[in-house]
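Trainee: In numbering that gives the first Met the number 0, the protein residues as written are 0 to 395.
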Amino acid sequence: MNCCGRKQSSIKLVDQSVSPLLLSFLDESIAMEDQRQNALTSLDDVEIERYPTDLSPETSSLSSSLSASLSSVCEPPLLGSTKSKPLLTSASTESSLLCQKSDSPAQCSVLHNSDTLVDESRVLYLIDEYGNQLYPIDALGRECYKSFGGDEVYALDNCGCEYYAKRADSQEYYAKLANGDEKLAKNNLGDEMYVTDLNSIELYPRTARGDPIFAKDSEGNDMYAYSGELRQEIYPCDRRRWQIYARLATGAQVYARAATGSDYYAQDLFGNEILAKDNTGLEYYARDNTNNEFYPLDINGNTVYRRSLSRGKEFYAHTREGEEHYGSNASGDEVYATDETGNQYYRSDKTGILIYAKDRHGLSYFACSATMRNTYIIADNGKTATIDTVTASSRS
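(1) Can you name, in chain order, every residue of its own chain whose Cβ lies under 6 Å from the Cβ of L139, other than the five neighbours on each side?
(2) Could you tell me how far apart the beta carbons of Y263 and L274 are, in whole angstroms, since I believe they sit closer than 8 Å?
(3) Taking C-alpha atoms, which residue in R256, D277, A356, A329 lies nearest to Y315?
(4) Under 6 Å Cβ to Cβ from F269, same chain only, skipping five residues before and after it: list those, please.
(5) CA-CA distance, Y254 and L125?
(6) Taking the straight line between their C-alpha atoms, what separation do you get for D287 and G227?
(7) Opposite S309 in the DSSP bridges: which residues?
(8) Hey, is E320 close to the ligand PLP, as in C-beta under 7 Å from one of its heavy atoms?
(9) Strictly by DSSP, which residues pair up with P204?
(10) Look up L133 in the DSSP assignment and say whether it is helix, strand or coil.
(11) On the criterion of 16 or more Cβ atoms from any shown chain inside 10 Å, does N186 qualify as buried, or is it exposed?
(12) Note down the Cα distance separating Y203 from T318, rounded to an integer number of angstroms.
(13) Can you give me the C-alpha to C-alpha distance between A184 and Y153, rounded to a whole angstrom?
(14) If you reduce the DSSP assignment to three classes, tell me which class I47 lands in.
(15) Identify, in the order they occur along the chain, each residue of the same chain with its Cβ nearer than 6 Å to the Cβ of Y234, setting aside the five sequence neighbours on each side.
(16) Between A285, T337, D210, D137, which has its C-alpha nearest T370's C-alpha?
(17) Going by beta carbon distance, what residues of the same chain come within less than 8 Å of V171, once the five residues before and after it are set aside?
(18) Can you tell me which of E323, P211, G311 puts its alpha carbon nearest to the alpha carbon of E339?
(19) So what's L400 in DSSP terms, helix, strand or just coil?
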């Protein structure tokens, strides 16, 4: 995924071990750098801790005043962005880049200077005339990741955004960590980005064991992948083939959004819809695009009420006006929720008036206690018309 419309050179690099031609190029770069030493401020008091890399051209020290004056060119520019850090794009320093924002500072060689970091893992890629790092191309036409410390490393575009390598068919693919987990690329704001397939569907990366990994924004909140075909966010499936919820940084699970703008429920292996939980572990209902709560359904089409984990009481969903409403079974009968003791109880309107549930024919009926299993049908005038011997359990 390209985060900011970078320009990219038409030059394609074939995968290189260090060839004589490349060594000659590096020697010329070093010679050019030596000629500039008299113009640079000495950094004798600067210590550099280095880690080995596959390509290790000699690089000269840069004065802090020079590094502060360097700035990257981004076309088009990011609107109001101040978080991107400049890339070193001069000919003599193509193989050295300022350390980008990283979750693993140990990977950076630290210049003991107040504001300068050099990331040795960024020495791996050559740079085009626009300031974009370029992936090498193998014999099959696939762009290839380089490794640092066993982890594959993303190249940076001229905005400071990591971007994905592509296979010969132009399909993006994830880099991998040393442990076999796929890892996400980040833009220059610190937000992770998904790989997008050729059908405009974002793909979840996987751990080595097959579990999905959510992209996170710069605040640590999970983000859902998006399907351009369905025009909605999509749930990933774990190894059990259960769809799973993304989480906020607080730990609360969040619903994905459908194309209509409404939330929709994740499902288990059998197709039963599952309630999400807040950061205290309590279940809560999804909302439609007009902010009404609605119920999840089991595989048979019956309403599932959310339940108190400690007491077992079921709770009614609310409309956007705050009024409770009944769920229903697959036959269309409204169904009472049960309290802590297993007794059915009535919903109420905003004024506190209790409202009877109605069956599929529009007839109201009484709620039942856990011990009294007969369902009483009442007429619309509120007076008892008949007593039905159908049990509450058979209605629900």
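C-beta atoms are modelled at their ideal positions from N, C-alpha and C, and glycine is treated no differently.
Mentor: Let me spell this out:
(1) In the sequence shown, counting from the first residue as 1, residue 139 sits at position 140. Within the same chain, L139 has close Cβ partners A167.
(2) In the sequence shown, counting from the first residue as 1, residue 263 sits at position 264. In the sequence shown, counting from the first residue as 1, residue 274 sits at position 275. Y263 to L274, Cβ: 12 Å. No contact.
(3) Along the sequence shown, one-based indexing puts residue 315 at 316. Of R256, D277, A356, A329, the residue nearest in Cα terms is A356.
(4) Reading the sequence shown from its first residue, position 270 is the one you call residue 269. I298, listed in sequence order.
(5) Against the sequence shown, residue 254 aligns to sequence position 255. Against the sequence shown, residue 125 aligns to sequence position 126. Distance between the alpha carbons of Y254 and L125: 42 Å.
(6) For this step, residue 287 is matched to residue 288 along the sequence shown. For this step, residue 227 is matched to residue 228 along the sequence shown. Approximately 21 Å, taken between the alpha carbons.
(7) Taking the sequence shown and counting its residues from 1, the one referred to as residue 309 is at position 310. DSSP output for S309 lists no bridge partner at all.
(8) Of ligands this structure carries none, so the ligand PLP is not represented either.
(9) What you label residue 204 is simply residue 205 of the sequence shown in a count that begins at 1. None; P204 has no bridge partner.
(10) Translated into the one-based positions of the sequence shown, residue 133 becomes position 134. The answer is strand: DSSP assigns L133 an E or B state.
(11) As a first step, residue 186 is located in the sequence shown; it is residue number 187 there, counting from the start. Its Cβ being crowded by 16 or more others within 10 Å, N186 is buried.
(12) What you label residue 203 is simply residue 204 of the sequence shown in a count that begins at 1. What you label residue 318 is simply residue 319 of the sequence shown in a count that begins at 1. Distance between the alpha carbons of Y203 and T318: 34 Å.
(13) Taking the sequence shown and counting its residues from 1, one reaches residue 184 at position 185. Taking the sequence shown and counting its residues from 1, one reaches residue 153 at position 154. Between A184 and Y153, the C-alpha separation is close to 7 Å.
(14) By one-based count along the sequence shown, residue 47 stands at place 48. With a pLDDT of only 39 at I47, under 50, the local geometry of the prediction cannot be trusted, and the value read off the model is given with reservation. Note: I47 maps to strand in three-state DSSP.
(15) Here residue 234 refers to the residue found at position 235 when the sequence shown is read from its first residue. Contacts found: Q242, A255, A265.
(16) Here residue 370 refers to the residue found at position 371 of the sequence shown. Minimum Cα distance to T370 is reached at T337.
(17) Position 172 of the sequence shown, counted from the start, is the residue given in the question as residue 171. Note that residue 171 is Glu in the sequence shown, not Val. Contacts found: M0, Y163, A164, K165, V194, T195, D196.
(18) Taking the first residue of the sequence shown as position 1, residue 339 is located at position 340. Comparing Cα positions, the closest option is G311.
(19) Only positions 0 to 395 of the chain appear in the structure, and residue 400 is not among them; the question remains open.
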